[in-house]
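> Here the UniProt record's numbering is used: the first residue of the sequence shown is 1, the next is one more, and so on. Where is the CB? At the ideal position from N, CA and C, for every residue including glycine. Computed from a predicted structure; not experimentally measured.
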Amino acid sequence: MIDGEAYFEKNSTGKLGSWGWRDVNLQFIICTLPVPIYFVVVAIWTINGASNSYRFPFLQTYMILTDRFWLFFRCFTIVAWCGWCSNYIFFPCLMNAILYIISLSLSRDTTFILFIFYQMNKLITVIRDFSYSVYNWCYETVIGENTRKYKMTWKVPKESLKIIVNKNADARMQRELENRTAKDEANALTSRRRVFGSYALIGTQRAEFIQFRQIKHIDITNASLDFLYNLKQLKHDNLANFYGIQLNDDLNTMTILHALVERGTLEEFCLDRDFGMDETFKSAFMRDILKGLQYLHLSPVAYHGHLHAATCLIDINWVLKIALYGVTNFVCDNFDAENITMPDRSDYTISYAQYVCFPPEHIREYDATGKLPTRFVRGSKQGDIYCVGMIFYMMIEREDPYRLIHSVERPGSGLMMEILDHNLMPFISNNETQEDTLLDKCKECWNRDPEKRPTIENLRNAIAICYADSKGNLIDQMIRMNEKYADELETLVAARSADLALAQMQTMRLLNEMLPASIAKDLKNGVIAPARSYASATVMFVQICDFIVILKRRPPKEVIGFLNDIFDQFDTVIKRHDAYKVETTGETYMVASGVPNENEGRHVFEVAEMSLEIRAISLSYTLENDKNYKLRVRIGFHAGPIAAGVIGIKNPRYCLFGDTVNFASRMQSNCPPLQIQTSEITARMLLATHEYKLVKRGIVHVKGKGEVNCYWLNEHIHKDEEIEESGTISHPLES
1 MIDGEAYFEK
11 NSTGKLGSWG
21 WRDVNLQFII
31 CTLPVPIYFV
41 VVAIWTINGA
51 SNSYRFPFLQ
61 TYMILTDRFW
71 LFFRCFTIVA
81 WCGWCSNYIF
91 FPCLMNAILY
101 IISLSLSRDT
111 TFILFIFYQM
121 NKLITVIRDF
131 SYSVYNWCYE
141 TVIGENTRKY
151 KMTWKVPKES
161 LKIIVNKNAD
171 ARMQRELENR
181 TAKDEANALT
191 SRRRVFGSYA
201 LIGTQRAEFI
211 QFRQIKHIDI
221 TNASLDFLYN
231 LKQLKHDNLA
241 NFYGIQLNDD
251 LNTMTILHAL
261 VERGTLEEFC
271 LDRDFGMDET
281 FKSAFMRDIL
291 KGLQYLHLSP
301 VAYHGHLHAA
311 TCLIDINWVL
321 KIALYGVTNF
331 VCDNFDAENI
341 TMPDRSDYTI
351 SYAQYVCFPP
361 EHIREYDATG
371 KLPTRFVRGS
381 KQGDIYCVGM
391 IFYMMIERED
401 PYRLIHSVER
411 PGSGLMMEIL
421 DHNLMPFISN
431 NETQEDTLLD
441 KCKECWNRDP
451 EKRPTIENLR
461 NAIAICYADS
471 KGNLIDQMIR
481 MNEKYADELE
491 TLVAARSADL
501 ALAQMQTMRL
511 LNEMLPASIA
521 KDLKNGVIAP
531 ARSYASATVM
541 FVQICDFIVI
551 LKRRPPKEVI
561 GFLNDIFDQF
571 DTVIKRHDAY
581 KVETTGETYM
591 VASGVPNENE
601 GRHVFEVAEM
611 SLEIRAISLS
621 YTLENDKNYK
631 LRVRIGFHAG
641 PIAAGVIGIK
651 NPRYCLFGDT
661 VNFASRMQSN
671 CPPLQIQTSE
681 ITARMLLATH
691 EYKLVKRGIV
701 HVKGKGEVNC
711 YWLNEHIHKD
721 EEIEESGTIS
731 HPLES
């Protein structure tokens with residue numbers, strides 16, 4: 001048993017990585033290689049009669065002045081690198097010293113020796129450089145890899161880990177359920193989020209975790225070290241990243257962490273009858289599962305071991321990601337060694353409904369007392385295929401395989417005995433559907449002989465046959481689904497207009513979450529919108545001041561409600577103008593006009609009007625439970641050239657690039673509260689119309705720009721007839 005970090009610290013000197021006995025052996029072989037070559041060459045020269053007084057000095061000088069000197073230098077360099085003397089190093093040094101003295105005693109013709117040395121120096125330089133290359137290659141491929149493993153990058157230090165407990169989780173979950181009931185299906189689909197009782201922070205990364213109580217020190221074997229290193233290296237679009245394990249510290253816990261995925265678990269979507277999981281969703285999710293599983297099976301990790309619909313997570317972009325892969329044997333080994341046990345209270349336990357869905361060959365050791373199982377099962381590749389069959393069944397039938405999802409306590413060992421001893425399988429109805437082919441494959445997945453279960457390729461072919469019209473990722477399928485509905489319903493518009501409208505609304509809502517309307521329309525029509533430059537556009541940033549104070553004084557529920565309320569009012573303003581909300585980051589709100597729809601230079605005036613309206617909203621905004629609170633915002637905008645385009649193929653996003661974005665951000669960050677700041681070039685565009693009142697702020701130091709003239713926008717100067725139609729207008733702020 002070894003501890004990787006202790007090994008690394010003991011053998012590391014901070015020079016050229018970590019060194020140990022393997023490195024000394026490697027150095028020994030490389031450095032002493034010329035010694036046998038020396039004697040072989042001497043023997044050849046002697047046998048050929050080359051013992052006269054002018055050839056042997058060539059050979060001995062060649063060895064003395066080149067190879068011997070370089071070898072001496074290398075040996076002492078190794079000693080310096082390793083930081084300690086070794087018999088492996090001392091031996092070649094002693095050999096070279098003896099050979100050096102013998103060669104000097106045999107030398108007679110000094111002039112000829114120097115001449116030959118000059119001629120052969122080029123050859124020995126090539127040999128020396130080749131030796132260096134061999135050594136560097138050995139270090140990078142063998143020693144360097146071991147060094148990275150012994151650094152244990154998968155180990156999460158306790159100083160970097162923080163557990164966040166959500167005390168309002170139950171209330172948030174209830175509100176989420178109410179929102180799903182109150183909203184239409186399309187809105188509920190896009191706004192759905194998981195509610196976490198607790199989650200972890202590793203630096204700035206949010207993570208889900210499983211935590212065990214550590215009873216005694218966990219020794220990491222060489223096999224475990226290699227396995228966890230390989231587990232950390234796994235990267236795939238359909239795997240939730242493994243962040244690492246926290247263990248062996250004074251917290252007395254072992255915590256397994258992976259990336260937090262927000263939207264929901266596949267189990268929740270399968271059992272939610274309000275969620276319309278048609279063949280579009282089923283085929284996309286099934287393909288995602290097989291892609292992630294195939295990557296795992298081809299990797300050194302080899303298998304998942306704990307595959308269930310509850311460990312298949314749907315992210316914000318409707319991509320399925322598999323979590324908790326590869327850790328089952330590591331956890332089981334430590335349970336067997338009595339290193340860990342389940343904590344008194346844990347957010348994660350293996351429910352009985354999950355436990356009975358695992359392969360029979362892995363669950364024969366079970367607790368017959370009727371208690372909930374509290375440990376993982378060991379896994380295999382064939383066991384993963386068994387679990388895939390259970391997941392596909394749940395997606396097709398939209399219910400738990402053994403109808404036990406609502407069971408809190410284990411209902412005895414009767415069901416388990418039926419599964420283990422009488423080959424009990426989930427019930428499959430005799431109704432003939434297009435999914436019968438896939439259900440037959442599910443039965444094959446449950447074969448008690450693991451070697452007779454289908455392969456991943458067999459399952460992929462079955463999906464292609466069953467869902468022949470559903471290809472590609474979820475967004476592509478939704479676009480094709482909408483086109484299919486449109487073609488079929490052209491002759492039945494009167495009777496099926498409601499269905500068409502619902503399908504279009506569902507598709508467009510999902511697309512409009514990620515892309516501007518015009519770009520989403522192009523994608524719907526099969527046109528890939530190219531990236532392009534715009535000669536002039538305007539970007540605006542709005543930031544809520546004193547947001548940190550609000551976070552400290554208000555509970556999270558009120559903070560989220562406050563942001564939703566104020567940003568909803570900002571969205572209403574945006575909809576009245578020719579502009580596009582790019583994103584919201586925390587308390588900052590980003591808007592652009594002039595992209596992707598060019599509006600003949602009106603963009604600067606659209607943004608000016610929006611900024612005045614948003615400031616007016618902030619001046620009149622009040623909190624229900626705090627009438628004294630005054631909302632303050634700072635607004636900055638700038639007009640100039642910009643580049644924009646769709647980034648990403650699987651998960652497209654419309655992004656803006658260029659100095660204009662940075663300049664607009666600086667205008668906002670350097671602006672006092674309740675002011676609207678703009679650059680000189682933008683101010684001149686507004687002043688040219690004589691419709692806006694601006695005040696010159698003066699020279700302001702802007703990061704990355706130096707000294708810049710800035711202006712404050714105070715109001716739009718309305719004409720008399722406009723005032724009569726709209727009533728009163730707000731008075732300008734004093735500069």
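Let's see if you can read the secondary structure: which residues bound the alpha helix (DSSP H) around M390?
On the sequence shown, position 390 is the one that residue 390 refers to. Looking at the DSSP string, the run of the alpha helix (DSSP H) that includes M390 is 381-397.
> Hey, would you say I456 sits closer than 8 angstroms to Q214, going by beta carbons?
By one-based count along the sequence shown, residue 456 stands at place 456. By one-based count along the sequence shown, residue 214 stands at place 214. No; because the gap between Cβ atoms is not below 8 angstroms, this pair is not in contact.
> Counting only the same chain and skipping the five closest in sequence on each side, list residues whose C-beta sits under 6 angstroms from that of N512.
Counted from its first residue, the sequence shown places residue 512 at position 512. Counting only Cβ-Cβ distances below 6 angstroms, and skipping sequence neighbours, we find A520.
> Using the Cβ count rule (16 or more neighbours within 10 Å means buried), how would you classify G601?
Locating residue 601 in the sequence shown gives position 601, where the first residue counts as 1. It counts as exposed.
> Would you mind giving the Cβ-Cβ distance between K443 and M425, rounded to the nearest angstrom? I have them listed as a contact below 8 angstroms.
As a working mapping, residue 443 is identified with position 443 in the sequence shown. As a working mapping, residue 425 is identified with position 425 in the sequence shown. About 7 angstroms separates the two Cβ atoms, so the contact holds.
> What's the C-alpha gap between T311 and I350?
Here residue 311 refers to the residue found at position 311 when the sequence shown is read from its first residue. Here residue 350 refers to the residue found at position 350 when the sequence shown is read from its first residue. Their Cα atoms are separated by approximately 11 angstroms.
> Once you ignore the five residues that flank F663 on each side, which residues in its own chain have a CB closer than 6 angstroms to its CB?
Within the sequence shown, the letter at position 663 stands for residue 663. Cβ within range, chain order: H638.
> State the beta-bridge partners of R653 as determined by DSSP.
Position 653 of the sequence shown holds residue 653. Paired residues: I647.
> Go ahead and pull the three-state DSSP assignment for C270.
Looking up residue 270 in the sequence shown gives position 270. Three-state result, C270: helix.
> Can you give the Cα-Cα distance for L228 and W446, rounded to whole angstroms?
Along the sequence shown, read from residue 1 onward, the residue named residue 228 stands at position 228. Along the sequence shown, read from residue 1 onward, the residue named residue 446 stands at position 446. For L228 and W446, the distance between alpha carbons rounds to 30 angstroms.
> Which first and last residues belong to the beta strand (DSSP E) in which R697 is found?
By 1-based counting over the sequence shown, the position of residue 697 is 697. Element bounds for R697: 692-702.
> Would you say I419 lies against chain D (beta-carbon separation less than 8 angstroms)?
Although the question refers to chain D, the structure presented lacks it and comprises just one protein chain.
> Note down the Cα distance separating L260 from N564, rounded to an integer number of angstroms.
Counting from one through the sequence shown, the residue named residue 260 turns up at place 260. Counting from one through the sequence shown, the residue named residue 564 turns up at place 564. Whole-angstrom Cα-Cα distance: 23 angstroms.
> Where does I245 land, buried or exposed, given buried means 16+ other C-beta within 10 angstroms?
Position 245 of the sequence shown, counted from the start, is the residue given in the question as residue 245. Looking at its Cβ environment, which holds 16 or more other Cβ atoms inside 10 Å, I245 is buried.
> Would you check if the distance between the CB atom of P450 and the CB atom of Q354 is smaller than 8 angstroms?
Residue mapping note: residue 450 aligns to position 450 of the sequence shown, counting from 1. Residue mapping note: residue 354 aligns to position 354 of the sequence shown, counting from 1. Cβ atoms of P450 and Q354: not closer than 8 angstroms.
> Rounded to whole angstroms, what's the CA-CA distance from M416 to E361? Just pull it up for me.
The residue labelled residue 416 in the question sits at position 416 within the sequence shown. The residue labelled residue 361 in the question sits at position 361 within the sequence shown. Cα to Cα, M416 sits roughly 12 angstroms from E361.
> Tell me, to the nearest whole angstrom, how far the beta carbon of N334 is from that of R378; I am working on the premise that it is less than 8 angstroms.
Translated into positions along the sequence shown, residue 334 becomes position 334. Translated into positions along the sequence shown, residue 378 becomes position 378. Rounded, the Cβ-Cβ distance is 12 angstroms, inconsistent with contact.
> Mapping the DSSP letters down to three states, classify H716 as helix, strand or coil.
Stepping through the sequence shown from its first residue, residue 716 is reached at position 716. Strand at H716.
> So, using beta-carbon positions, are N238 and D288 closer together than 8 angstroms?
Sequence index remark: in the sequence shown, residue 238 carries index 238 (1-based). Sequence index remark: in the sequence shown, residue 288 carries index 288 (1-based). Contact flag set, yes.
> Where does R632 sit, in a helix, a strand or coil, going by DSSP?
On the sequence shown, position 632 is the one that residue 632 refers to. Three-state DSSP puts R632 in coil, outside helix and strand.
> Select from S618, S533, G704, R666 the residue whose C-alpha is nearest the C-alpha of A643.
Position 643 of the sequence shown holds residue 643. Residue S533 is the option with its Cα nearest to A643.
> Would you kindly report the start and end of the unbroken alpha helix (DSSP H) that includes A462?
Numbered from its first residue, the sequence shown carries residue 462 at position 462. From DSSP, the alpha helix (DSSP H) with A462 extends over 456-466.
> Report the rounded CA-to-CA distance for D272 versus N461, giving the unit in angstroms.
In the sequence shown, residue 272 corresponds to position 272, counting from 1. In the sequence shown, residue 461 corresponds to position 461, counting from 1. Taking the straight line joining both Cα atoms gives about 28 angstroms.
> Leaving out five residues on either side along the sequence, give the residues of the same chain with a beta carbon under 7 angstroms from the beta carbon of M390.
In the sequence shown, the residue the question calls residue 390 occupies position 390. Result list for M390: C357, P401, in chain order.
> With C-beta atoms as the reference, is C545 less than 8 angstroms away from P673?
Start at 1 with the first residue of the sequence shown, and residue 545 comes out as number 545. Start at 1 with the first residue of the sequence shown, and residue 673 comes out as number 673. Contact flag set, yes.
> Using DSSP with H/G/I as helix, E/B as strand and the rest coil, what is M417?
As a first step, residue 417 must be located in the sequence shown, where it is residue number 417. Here M417 sits in helix by DSSP.
> Alpha carbon to alpha carbon, how far is E262 from P516? Give it in angstroms, no decimals.
By one-based count along the sequence shown, residue 516 stands at place 516. By one-based count along the sequence shown, residue 262 stands at place 262. In a straight line, the C-alpha of P516 is about 23 angstroms away from that of E262.
> Apart from the five residues just before and just after Y580, which ones in its own chain have a Cβ nearer than 6 angstroms to its Cβ?
Residue mapping note: residue 580 aligns to position 580 of the sequence shown, counting from 1. Cβ within range, chain order: P516, A592.
> Determine the contact status of S611 and I635, defining contact as a CB-CB distance below 8 angstroms.
As a position in the sequence shown, residue 611 is number 611, starting the count at 1. As a position in the sequence shown, residue 635 is number 635, starting the count at 1. Yes, the pair counts as a contact, with Cβ atoms nearer than the cut-off.
> What residues are listed by DSSP as bridge partners for S533?
Within the sequence shown, numbered from 1, the residue matching residue 533 stands at position 533. DSSP lists A643 as partners of S533.
> So the candidates are G292, L234, S283; which of them puts its Cα closest to the Cα of A468?
Taking the first residue of the sequence shown as 1, we reach residue 468 at position 468. Nearest of G292, L234, S283 to A468, Cα basis: S283.
> Nearest CA to the CA of D567: which residue from G197, Y303, R448, V633?
Taking the sequence shown and counting its residues from 1, the one referred to as residue 567 is at position 567. Just to set this straight, residue 567 is Phe in the shown sequence, not Asp. Of the listed residues, the one whose Cα sits closest to F567 is V633.
> Is it right to say G276 is buried, meaning 16 or more other beta carbons lie within 10 angstroms of its own, or is it exposed?
Taking the first residue of the sequence shown as position 1, residue 276 is located at position 276. Answer is exposed; the Cβ neighbour count stays below 16.
> Are A608 and Y692 touching if we call contact CB-CB under 8 angstroms?
Here residue 608 is taken as the residue at index 608 of the sequence shown, counted from 1. Here residue 692 is taken as the residue at index 692 of the sequence shown, counted from 1. Going by C-beta atoms, A608 is nearer than 8 angstroms to Y692.
> Return the CA-CA distance between A368 and F427, expressed in angstroms with no decimal places.
Within the sequence shown, the letter at position 368 stands for residue 368. Within the sequence shown, the letter at position 427 stands for residue 427. Residue placement at A368 cannot be trusted, given a pLDDT of 48 that sits under 50; the coordinates are not used to answer.
> If we count the other Cβ atoms within 10 Å of its Cβ and call it buried at 16 or more, is H716 buried or exposed?
Sequence index remark: in the sequence shown, residue 716 carries index 716 (1-based). H716 is buried by the Cβ-count criterion.
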